[in-house]
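Trainee: In my numbering, the protein residues as written are 62 to 186. Below you'll find the structure I mean.
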């Protein structure tokens with residue numbers, strides 16, 4: 062008699078996601094913590110209560126349609142844009158208005174831009 066048993070199908074899509082997350086093998090060490098951030102451009106709210114934890118050596122993909130806030134989120138994490146509410150920690154250092162914290166993070170991180178743009182509000186000094 063042959064064994065025709067198959068693994069049980071997951072109960073819900075959430076289970077598939079949870080299992081995939083476990084398989085990625087993220088570290089217990091949190092490298093980036095985004096806690097309830099909001100970002101406004103005038104009356105337009107680009108980010109609403111965004112929460113995210115990224116572990117050491119974890120790979121994260123941010124996917125969404127044009128205008129959904131992907132670039133704004135990354136720019137807030139890199140502190141190229143200031144978020145309006147919430148908090149962001151990178152390597153345990155909070156990205157607040159303290160320029161020393163921002164400089165400390167920028168010494169250890171980088172960002173590759175999709176296209177080259179100058180930032181008129183920034184200087185090389």
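Every residue gets a Cβ at the ideal spot worked out from N, C-alpha and C, and that includes glycine.
If distances are taken between C-alpha atoms only, which option among 128, 117, 146 and 123 comes closest to residue 97?
Mentor: Nearest of 128, 117, 146 and 123 to residue 97, Cα basis: 146.
Trainee: Just to confirm, are residue 139 and residue 113 a CB contact at a threshold of 7 angstroms?
Mentor: Result no, Cβ atoms of residue 139 and residue 113 do not sit closer than 7 angstroms.
Trainee: Can you find the residues in the same chain that come closer than 8 angstroms, C-beta to C-beta, to residue 124, ignoring five residues on each side of it along the sequence?
Mentor: Once the five neighbours on either side are set aside, the close Cβ partners of residue 124 are 131.
Trainee: Whose C-alpha, out of 152, 105 and 156, is nearest the C-alpha of residue 137?
Mentor: The option with the nearest alpha carbon to residue 137 is 156.
Trainee: Using the Cβ count rule (16 or more neighbours within 10 Å means buried), how would you classify residue 100?
Mentor: Answer is buried; the Cβ neighbour count reaches 16.
Trainee: Can you give the beta carbon distance from residue 90 to residue 117, rounded, assuming they're within the 8 angstroms contact cut?
Mentor: Sure, about 4 angstroms apart at Cβ, within 8 angstroms.
Trainee: Let's test the definition: count the other Cβ atoms within 10 Å of the Cβ of residue 184 and tell me whether it reaches 16, buried, or not, exposed.
Mentor: Exposed: under 16 other Cβ atoms inside 10 Å.
Trainee: Would you give the residue range spanned by the beta strand (DSSP E) that residue 8 belongs to?
Mentor: Here the chain covers residues 62 to 186 and nothing more, so residue 8 does not appear.
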